[in-house]
Amino acid sequence: ALVAVATAHLQAQQELSSGPLPINGLASASSQAYLLAMSAAETYLRQQGRHVYISPTMHRDFVRLYARIIREKDDHLSLVRNRLNWGLLRLNNSYEVVRELEQELFALQPELDVKSEKTQQLLLKVAKDADRAGAIRLVVEAEKQSVNEQSSRIQALTNEAKAEFEAVMPEFRAAVKAVEKLDKKDIQEIKS
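Each residue of the sequence shown is one higher than the last, beginning at 104 in this note's numbering.
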C-alpha cells in the first residue's frame, strides 16, 4: 500500500517534471524509509518509554518532499543546461565571426602587403628629403654667416665713411662760405 501511494504521488510529479523520474526506485525507497522510521519509533518506545508517532501522512509528506527536491534539482539542471547551450551558441557564433574575419584578413593580405611596401617607400623618401633639407639648411646657414660677415663689414665701412663725412663737413661748410664771399672780381682774378 505504501509503495502504491508513493507511486501515485510520484507519477503526478512526473507530469510536472521535464525529465523522467525513477518512480519505482523512489517509491520503494520511500516505503523502506517509512518502515525504518516505524521500527525506530518502536525501539525508542521500548528504550525510553516515550511514544513517537509516525503516521501515513508523514509518508506522503516525505514522498512530496523528495519529489519537490527532485523537481528543484531538475529545474536547476535545466537552468544550467540552458546556460550551457546559450554559452555554446555564443561560442559558436563567435567562432563563425572569427572565421569570417580570418577570411577577410586573408583576402586583404595582398592589399595590406602593398600598403606596407608603399609605407616603407614613403618612409625612405621622407628620410632622403630630411637629409636634403639638412644639407640645404647647412648651406643656408653658411650663406647667412657669410652675409652677416659682409653686412658687418659694410656697416663698419658705412660708419667709417660717416665719420669721415662728418669730419670733412666743417671744412666743406667753411669752403662754401668762402666761395659765397667771393665776388666776381675775385673769380676773374683766379681765372687769369
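Backbone N, C-alpha and C define an ideal beta-carbon position, used for all residues, glycine too.
Item to check | Whole-angstrom C-beta distance between Tyr169 and Ser197, which should lie under 8 Å | outcome: As a working mapping, residue 197 is identified with position 94 in the sequence shown. As a working mapping, residue 169 is identified with position 66 in the sequence shown. The pair is not a contact, with the Cβ atoms about 41 Å apart (cut-off 8 Å).
Checklist entry - Taking Tyr156 as the reference, which of Glu214, Arg171, Val166, Ala140 has the closest Cα? => result Counting from one through the sequence shown, the residue named residue 156 turns up at place 53. The option with the nearest alpha carbon to Tyr156 is Ala140.
Next on the checklist: Between which residues of its own chain and Gln212 is the CB-CB distance below 7 Å, once the five residues before and five after are set aside?
Outcome noted: If you number the sequence shown from 1, residue 212 lands on position 109. Here the set comprises nothing.
Next on the checklist: How far does the alpha helix (DSSP H) with Asp177 in it extend, from its first residue to its last?
Outcome noted: Your numbering for residue 177 matches position 74 in the sequence shown. Looking at the DSSP string, the run of the alpha helix (DSSP H) that includes Asp177 is 159–284.
Checklist entry - Exposed or buried, His112, counting other C-beta atoms within 10 Å across all chains shown (16 or more means buried)? => result For the purposes of this step, residue 112 is taken as the residue at position 9 of the sequence shown. With 16 or more other Cβ atoms within 10 Å, it is buried.
Checklist entry - For Met161, which of Glu205, Glu145, Ala136, Ala230 has the nearest alpha-carbon? => result Taking the sequence shown and counting its residues from 1, one reaches residue 161 at position 58. The shortest C-alpha separation from Met161 is found at Ala136.
Next on the checklist: I'd like the list of long-range same chain contacts for His154, defined as Cβ closer than 7 Å, with 5 residues on each side in sequence excluded.
Outcome noted: Taking the first residue of the sequence shown as 1, we reach residue 154 at position 51. Closer than 7 Å at Cβ, skipping near neighbours: Leu148.
Next on the checklist: Just verifying my parser: in three-state terms, what is the DSSP assignment at Gly128?
Outcome noted: Along the sequence shown, read from residue 1 onward, the residue named residue 128 stands at position 25. Three-state DSSP puts Gly128 in a helix.
Checklist entry - With 16 as the cutoff for other CB atoms within 10 Å, does Asp129 come out buried or exposed? => result Locating residue 129 in the sequence shown gives position 26, counting from the first residue. According to the sequence shown, residue 129 is Leu rather than Asp. Buried, since its Cβ has 16 or more Cβ neighbours within 10 Å.
Checklist entry - With 16 other CB atoms within 10 Å as the buried threshold, where does Asp242 fall? => result Within the sequence shown, the letter at position 139 stands for residue 242. In the sequence as displayed, the identity of residue 242 is Val instead of Asp. Counting Cβ neighbours within 10 Å, Val242 comes out exposed, since fewer than 16 surround it.
Item to check | Euclidean distance between Cα positions of Gln150 and Trp189 | outcome: The residue given as residue 150 occupies position 47 in the sequence shown. The residue given as residue 189 occupies position 86 in the sequence shown. Whole-angstrom Cα-Cα distance: 58 Å.
Item to check | Cβ-based burial, Thr222 [other Cβ within 10 Å; buried from 16] | outcome: Your numbering for residue 222 matches position 119 in the sequence shown. When all chains shown are included, Thr222 counts as exposed.
Checklist entry - What's the C-alpha gap between Val250 and Ala278? => result What you label residue 250 is simply residue 147 of the sequence shown in a count that begins at 1. What you label residue 278 is simply residue 175 of the sequence shown in a count that begins at 1. Cα to Cα, the separation comes out at about 40 Å.
Checklist entry - Cα separation between Phe268 and Asp286? => result Here residue 268 is taken as the residue at index 165 of the sequence shown, counted from 1. Here residue 286 is taken as the residue at index 183 of the sequence shown, counted from 1. If you take the alpha carbons of Phe268 and Asp286, they lie about 28 Å apart.
Item to check | DSSP-derived helix/strand/coil call for His112 | outcome: Here residue 112 is taken as the residue at index 9 of the sequence shown, counted from 1. The answer is helix: DSSP assigns His112 an H, G or I state.
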